[in-house]
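Participant:
2 protein chains.
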Amino acid sequence: MFSPLIKELMESLRCLPGVGPKSAQKMALYLLERDSQGADRLANALRDALDKVGRCATCRTLTEDTECSICLDQARDGTRLCIVETPADVIAMENAGSFDGRYFVLLGHLSPIDGIGPEELGLDRLENLVRNTDVEEVIIATNSTIEGEATSHYISELLKPLNIELSRLAQGVPMGGELEYVDGNTLALALKGRKKL
Amino acid sequence: MFSPLIKELMESLRCLPGVGPKSAQKMALYLLERDSQGADRLANALRDALDKVGRCATCRTLTEDTECSICLDQARDGTRLCIVETPADVIAMENAGSFDGRYFVLLGHLSPIDGIGPEELGLDRLENLVRNTDVEEVIIATNSTIEGEATSHYISELLKPLNIELSRLAQGVPMGGELEYVDGNTLALALKGRKKL
Chain A
263 MFSPLIKELM
273 ESLRCLPGVG
283 PKSAQKMALY
293 LLERDSQGAD
303 RLANALRDAL
313 DKVGRCATCR
323 TLTEDTECSI
333 CLDQARDGTR
343 LCIVETPADV
353 IAMENAGSFD
363 GRYFVLLGHL
373 SPIDGIGPEE
383 LGLDRLENLV
393 RNTDVEEVII
403 ATNSTIEGEA
413 TSHYISELLK
423 PLNIELSRLA
433 QGVPMGGELE
443 YVDGNTLALA
453 LKGRKKL
Chain B
263 MFSPLIKELM
273 ESLRCLPGVG
283 PKSAQKMALY
293 LLERDSQGAD
303 RLANALRDAL
313 DKVGRCATCR
323 TLTEDTECSI
333 CLDQARDGTR
343 LCIVETPADV
353 IAMENAGSFD
363 GRYFVLLGHL
373 SPIDGIGPEE
383 LGLDRLENLV
393 RNTDVEEVII
403 ATNSTIEGEA
413 TSHYISELLK
423 PLNIELSRLA
433 QGVPMGGELE
443 YVDGNTLALA
453 LKGRKKL
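Protein sequence lines correspond, in order, to chains A and B.
Heads up, the final residue of the first sequence is numbered 459 in our numbering, and it's a clean run with no missing numbers.
Heads up, the final residue of the second sequence is numbered 459 in our numbering, and it's a clean run with no missing numbers.
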């Protein structure tokens, strides 16, 4: 019913996460009917980002500069390195506001089935980084999922010989969590990790 | 925290309907981390659509051709014309499958506060179309909202002198609607428009 270019726009909007055929149709028609300026800005932003955004030479996060703003910030504590899966995780940690060290961004987790091994996650570069800079503690903050745990395990085995402190984010009952509604696995972890008072 | 180009991409994704700051961040990072091919396709589709999609010379719907496929279809009944607000409404009517006439797409509704008057909706062109072709019945299918009703009223006043049949989509209880859950205004309309058995 729609002409080919409009159909193609709808189809290609579906590459966005959480956008199904119905939303894609709504978005495409909205852009064409009412916000061609916004669409133009979006097309330019996509093109610019695709052409120029690469990875930080040190921490591998997404940036269009050689090094990201956190790696360039001399005020940060270079002795502590936090390993996260994605740039969004860096933001989450920064928003928590209690870490002032540096980051290393894996951009994923180990997933042999998708062809993502240690090399794709830049683990060789991580090893060099830890070896050649004054990092004293590595905090592994991969997700608390099966893949995140496996990645965490692999990294800890990799870095153990380097004689640095290695830690993993604590697992347990979230702040404000009511025991009644916390799932069994989390409770089991909280119990296992209980702290002496 | 993000570099300028990534921020600009997030900002510009927010022009999409239903996309807030959180989804925009998720979308931007997803595209850059994992689907640069999709992002490239989207950028091209946006550019193409912006450059080439215009309005059908007859019915004003969105298309990159001079006339849309429905207007070009000789098999359709040229004596009946259905007036709708948007191209999505054309699709909804076509999916209902019980109308084989032609359409006229307003691309909006009367909204003086946004500077949308009869001219912006192409009502002069509508009048000419009805006057100069063999249209016998005009079905006004604007939305059942205050704006849609006002637009419907304006159009009916405009076309009354042309000596054609004018009708409006029926309002009432939707198919499968249980009275208990139908809102009062709809029930009042259904009662007002009751049919003799």
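Every residue, glycine too, gets a C-beta built ideally from N, C-alpha and C.
Closer than 9 Å, Cβ to Cβ, to anything on chain B: give me those residues from the region 286–303 of chain A, in chain order.
Facilitator: Taking 9 Å as the Cβ-Cβ cut-off against chain B, the residues of the region 286–303 of chain A that qualify are Q287, K288, M289, A290, L291, Y292, L293, L294, E295, R296, D297, S298, Q299, G300, A301, D302, R303.
Participant: Among the residues of its own chain, which have a CB less than 7 Å from the CB of A424(A), if the five just before and after it don't count?
Facilitator: Residue identity check: residue 424(A) is Leu in the sequence provided, not Ala. Around L424(A): V392, R393.
Participant: By DSSP, does C333(B) sit in helix, in strand, or in coil?
Facilitator: In the structure shown, C333(B) sits in a helix (DSSP, three-state: H, G or I).
Participant: Quick one: what does DSSP say L246(A) is sitting in, helix, strand or coil?
Facilitator: Any answer about residue 246(A) is impossible in this case: the structure gives chain A only from 263 up to 459.
Participant: Measuring alpha carbon to alpha carbon, tell me which residue in S414(B), G280(B), L293(B), L294(B) is nearest K288(A).
Facilitator: Here the closest residue by C-alpha is G280(B).
Participant: Take I345(B) as the anchor and find which of Y416(B), D302(B), T448(B), Q299(B) has the nearest alpha-carbon.
Facilitator: Of the listed residues, the one whose Cα sits closest to I345(B) is Y416(B).
Participant: Here's a check: name, in chain order, each residue in its chain whose Cβ is nearer than 8 Å to the Cβ of L372(B), leaving out the five neighbours to either side.
Facilitator: So the qualifying residues of the chain are I378, G379, P380, L383, E409, A412, T413, Y416.
Participant: How do the region 349–360 of chain A and the region 326–343 of chain B stand: do at least 3 beta-carbon pairs fall below 8 Å, yes or no?
Facilitator: Segments in contact, no.
Participant: Indicate whether A301(B) and L308(A) have their beta-carbon atoms separated by less than 8 Å.
Facilitator: Yes, the Cβ-Cβ distance between A301(B) and L308(A) is below 8 Å.
Participant: Please list, in chain order, the chain A residues whose beta carbon lies closer than 9 Å to that of A354(B).
Facilitator: Result: empty, since nearest Cβ-Cβ is about 10 Å, beyond 9 Å.
Participant: Is it buried or exposed, E270(B), if we count other Cβ atoms within 10 angstroms and call 16 or more buried?
Facilitator: Label assigned to E270(B): buried.
Participant: Mind checking which residues open and close the beta strand (DSSP E) that includes S429(B)?
Facilitator: Start and end: 427–430.
Participant: Mapping DSSP to helix, strand and coil, what is T325(A)?
Facilitator: DSSP places T325(A) in strand when its eight states are reduced to three.
Participant: Against E460(A), what residues of chain B qualify as contacts under a CB-to-CB distance less than 8 Å, listed in chain order?
Facilitator: What is shown of chain A runs 263 to 459, which leaves residue 460(A) out entirely.
Participant: Just curious, the beta strand (DSSP E) that I401(B) is in, first and last residue?
Facilitator: First-last of the beta strand (DSSP E) with I401(B): 399–402.
Participant: Report the three-state DSSP secondary structure of S373(A) (helix, strand or coil).
Facilitator: S373(A) falls in the strand class under three-state DSSP.
Participant: Whole angstroms is fine: what's the gap from R430(B)'s alpha carbon to T404(B)'s?
Facilitator: Near 8 Å, if we compare the C-alpha coordinates of T404(B) and R430(B).
Participant: Is the beta carbon of Y365(B) closer than 8 Å to that of I332(B)?
Facilitator: Yes; because the gap between Cβ atoms is below 8 Å, this pair is in contact.
Participant: Name, in chain order, the residues that DSSP records as bridge partners for G316(B).
Facilitator: DSSP lists T325(B) as partners of G316(B).
Participant: Tell me whether V281(B) sits in a helix, a strand or coil according to DSSP, three-state version.
Facilitator: Three-state result, V281(B): coil.
Participant: Going by DSSP, what residue range makes up the beta strand (DSSP E) through R456(B)?
Facilitator: That residue, R456(B), is in no beta strand (DSSP E); it is neither H nor E in DSSP.
Participant: P436(B) to N447(B), Cα distance in whole Å?
Facilitator: One C-alpha to the other measures close to 13 Å.
Participant: So, under 8 Å CB-CB, D327(B) and S265(A) are touching, yes? Tell me the CB distance rounded to an integer number of Å.
Facilitator: Indeed they touch by this definition, with Cβ atoms about 6 Å apart.
Participant: Taking Cβ positions only, does C330(B) come closer than 8 Å to chain A?
Facilitator: Yes, contact with chain A.
Participant: How many Å lie between I375(B) and R296(A) at the Cα?
Facilitator: Each residue's Cα considered, the two are about 16 Å apart.
Participant: Please name the residue in G455(A), M263(A), A452(A), K454(A) whose C-alpha comes closest to that of I353(B).
Facilitator: Measuring from the Cα of I353(B), the nearest candidate turns out to be M263(A).
Participant: DSSP three-state call for R338(A): helix, strand or coil?
Facilitator: In this structure, R338(A) counts as coil in the three-state DSSP scheme.
Participant: Buried or exposed, going by whether 16 or more other CB atoms sit within 10 Å of the CB of R322(B)?
Facilitator: The residue in question, R322(B), is buried, as its Cβ has 16 or more Cβ neighbours within 10 Å.
Participant: Using a Cβ-Cβ cutoff of 7 Å, what residues of the region 356–375 of chain A are near chain B? List them in chain order.
Facilitator: Listed in sequence order: E356, L369.
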